[in-house]
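J.:
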Amino acid sequence: MAVIDENNVLEILDKKVYPGKNAIINFNMAKLYTTTAVEVPIIIERSKKPGPVILITAGIHGDEINGVEVVRQLIVKEINKPARGTIICVPILNVFGFLNMTREFPDGRDLNRVFPGSKNGSLASRFAYHFVQKILPIADFCMDFHTGGASRFNAPQIRIKKGEEMAMHYARIFNAPFTLVSKTITKSYRETCAKQGKPVLLFEGGKTRDSNKSVAKSGVEGVMRILAHFEMLKPKFEVPDPTGETIFIEHSAWMRAKYSGLLHVKIPCGKHVEKGEYIATITDPYGKLRHKVKAPNAGYIFNVNESPIVYQGDAIFHISLSTESYEQEATSA
Ligand SMILES: [Zn+2]
């Protein structure tokens, strides 16, 4: 288990990292069929001054590149060199998935559904187990970076659980364009962090197999604001000024395609739309069908399906609901 002793020496994965030093430690947990070890680099930066330990992870889902890009930028810009305390970056947790551009582990399991893992479980479950046992205990604060699934593009957002005052407080500091109040998924990394009493911010932005500059910027700037809050951001950096206050979304609904066909989206992701606003068309390839998709209520569209073709019933937009429209929705369901 990872510990920081009374002399401020960090012991992690059988290595010692002294104050003011850095280290790249490979977390070797699993081997390929070829006996080749799969190395998961853990990048550790320590200040001489004691302070909190921040754990920043991405790529639990191997095809979510935008999160990996956020962590890469933190490293290359040296934002991860703290003014006090320790910053641990794991840019790609699921290296297997990253190599194959798949969400899952090579055993077909979703790593983010097997936490806290088990010693003798599936490969994904064992990996989660060792991560939770050997790395997570040292963390005082966690940030985990994701993207929307498949072609569904998420506006940059922090996800927090309803009623979590502390997470709400940190979400305000991170100040992503949106903060979504959502349930924690059973056996997710976020749930494990929360159960262990570790504040965790889950960031979602962009879509799979895609890298978007403005999403990465939102992620990096949010981390900088959190680090500044903990007095860990070096004075050479200016704390990025947020353009506005994060918009909290408590209730939301997925709009589904009424027809199968070619989807043409008319609005940018993140836009506030009015009820009845024309936001997309669904057409057939033969020029016969042309269905106008209209907003069912006023709200923010914070996820857009960027797939050029959709099936009837596919989720195409995620729209926020006002308390009023939420009540209507609830009674009609
Ligand atoms: Zn994900």
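Heads up, the sequence shown is in our numbering, so the first residue is 68 and it goes up one at a time. The beta carbon of each residue, even a glycine, is placed where N, CA and C say it ideally should be.
Any chance you could list the beta strand (DSSP E) runs of at least 3 consecutive residues sitting entirely within the stretch 134–221, in chain order?
T.: You should have 153–157 and 208–215.
J.: Please say whether K265 and A206 have beta carbons closer to each other than 8 angstroms?
T.: Contact flag set, yes.
J.: By Cβ distance below 7 angstroms, which residues in the same chain neighbour V137 in space, the five residues on each side in sequence not counted?
T.: Contacts found: A125, F212, A283, G286 and V287.
J.: To the nearest angstrom, how far is the alpha carbon of N370 from that of N221?
T.: Taking the straight line from one Cα to the other gives about 4 angstroms.
J.: Consider the C-beta atom of H128 and the heavy atoms of ligand 1; say whether any pair is separated by less than 7 angstroms.
T.: The answer is yes for H128.
J.: How would you call D381, buried or exposed, if buried means at least 16 neighbouring beta carbons within 10 angstroms?
T.: Label assigned to D381: buried.
J.: Can K228 and A191 be called in contact, C-beta distance under 8 angstroms?
T.: Result no, Cβ atoms of K228 and A191 do not sit closer than 8 angstroms.
J.: In the DSSP assignment, what are the bridge partners of F241?
T.: For F241, which the question treats as bridged, DSSP gives no partner whatsoever.
J.: Just to confirm the assignment, what range does the alpha helix (DSSP H) spanning M291 have?
T.: Segment K280 to H296, the alpha helix (DSSP H) holding M291.
J.: Taking the alpha-carbon positions, what's the E344 to S281 distance?
T.: Approximately 25 angstroms, taken between the alpha carbons.
J.: Roughly how many angstroms lie between the CA atoms of H318 and R226, to the nearest whole one?
T.: Each residue's alpha carbon lies about 13 angstroms from the other.
J.: Is E131 near ligand 1, with its Cβ less than 7 angstroms from a heavy atom?
T.: True, at least one ligand heavy atom lies under 7 angstroms from that Cβ.
J.: Ends of the beta strand (DSSP E) at K359?
T.: Counting along the chain, the beta strand (DSSP E) containing K359 begins and ends at R357 to K361.
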